[in-house]
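Here's the structure, in structure tokens; my notes come after.
Residue numbers (my numbering): 648 to 823.
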């Protein structure tokens, strides 16, 4: 089944549902406070705790379980595409790396900003990065549209307005 097919998300969800169920059961047996989120081929491991030491141990164990399960299902987990992100309420809090060398993966360094399904988050879960990204994208679209109106046979005002409403407004109001 091709990636662009309408059946692709449905079939991948059916295939991965068993994997996620097995992960939840193994995490429960090992008393890991880690949960998963999945959207088609994007997966997310979430662990929360009072200290980074606790969450790092749980994430390492969870990552190992998921990696083993995927290998047993005949799936490939691309370690170089894996990301980590730590949320903390404390300012100037230490942001540790996740060492996965014990399971054959690389060391994951925390990112400053986290993108998931088109949303951008920072460590305080504010939307500053999200707003900055989409406002910059909308402004560059407006500047690019100026080229279209300055040609010798440019757009009429009504056409420019229609172009603005159909191209810039959806970008500027994404997830608003």
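Positions of the beta carbon are idealized from the N, C-alpha and C atoms, including for glycine.
Problem set entry | Close Cβ partners of residue 668 (< 7 angstroms) along its chain, the five nearest in sequence each way excluded | If you ignore the 5 residues before and after residue 668, its C-beta comes within less than 7 angstroms of no other C-beta in its own chain.
Exercise. Under a Cβ-count criterion, where at least 16 other Cβ atoms within 10 Å of its own Cβ denotes burial, should residue 748 be classed as buried or exposed?
Worked result: exposed
For this session: Indicate whether the contact test is met: 3 or more Cβ pairs, each with one atom in the stretch 722 to 731 and one in the stretch 669 to 687, closer than 8 angstroms.
Result: no
Problem set entry | Test item: CB-CB of residue 679 and residue 709 under 7 angstroms | yes
For this session: Output yes or no for whether 7 angstroms exceeds the beta carbon distance between residue 677 and residue 694.
Result: no
Problem set entry | beta strand (DSSP E) runs contained entirely in the stretch 743 to 796, provided each spans 3 or more residues | 761 to 763, 766 to 768
Exercise. Around the Cβ of residue 692, are there at least 16 other Cβ atoms within 10 angstroms (buried) or fewer (exposed)?
Worked result: buried
Exercise. Ordered along the chain, which non-local residues of its own chain (more than five positions away) have a Cβ less than 6 angstroms from that of residue 769?
Worked result: 760, 776
Exercise. By how many angstroms is the C-alpha of residue 703 removed from the C-alpha of residue 751?
Worked result: 17 angstroms
Exercise. How many angstroms separate the CA atom of residue 724 from the CA atom of residue 808?
Worked result: 46 angstroms
For this session: Could you check the C-alpha separation between residue 812 and residue 745 for me, to the nearest Å?
Result: 44 angstroms
Exercise. Residue 716 and residue 661 look like a contact to me (Cβ under 8 angstroms); what is the Cβ gap, rounded to whole Å?
Worked result: With a Cβ gap of about 16 angstroms, residue 716 and residue 661 do not count as contacting.
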